[in-house]
Amino acid sequence: MRRTELQVDKTILIQYCDMKKEIKDIRARIKMLDKFLKNPPVVSDTVKGTRKDGTIGPIKITGIPEPVYARKLKLRELYQQLLERKEEELLELTCQAEEYIQTIPKSELRIMFRLYYIDGYSYLGVARQMNSMFPRRRYTEDSVRKKITRFFEENFKMSGNVR
């Protein structure tokens, strides 16, 4: 594997993680808009005018600000469409990331890569998962980080390109 191929594949893993965070952000925005749309703020104002009984004086008007509500509704629809597109892109990136991970020769590293990049565990979380899968081995946060880092470094060296 040449350096450029490796760099592209590492970029896919990083892009996959970033896209998961972006989707999470979009979902949070949709949730906030849903909360607003479900229970929009009610505003009140007092105007001077003729009441139903024909007298002139202050009249209290209460309601939902329609332009704001309509904008938020449209924004929610836009976010929903964006979310659907991003989820499709994420599915494609998942396939690409999994294909790359399958090229890793050692099973232990493939598991670590899946836990770290696909499942989003921290290095400590990966170490805990690995310790539960392989109770006779000892994994630490540093050992997981070093194994992942060394994998990329070794592949750069094997391709004849040193950073």
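Residue numbering for the sequence shown follows the numbering used here, starting at 22 and increasing by one per position.
C-beta: ideal position from N, C-alpha, C; glycine also.
Sequence-distant residues of the same chain with beta carbon closer than 8 Å to Cys38, five excluded per side: Tyr138, Gly141
Where Ile80 sits in the DSSP three-state scheme: strand
Neighbourhood of Lys167 by C-beta, 8 Å cutoff - its chain only, sequence neighbours within 5 removed: none
Distance CB(Tyr160)-CB(Met154) smaller than 7 Å: no
Same chain, Cβ closer than 8 Å to Glu110, neighbours up to 5 away in sequence not counted: Met40
Nearest-angstrom Cβ-Cβ length linking Arg106 and Asp55, presumed shorter than 8 Å: Rounded, the Cβ-Cβ distance is 19 Å, inconsistent with contact.
Simplified DSSP state of Thr161, which is helix, strand or coil: coil
Alpha-carbon to alpha-carbon, Ala148 and Leu34: 19 Å
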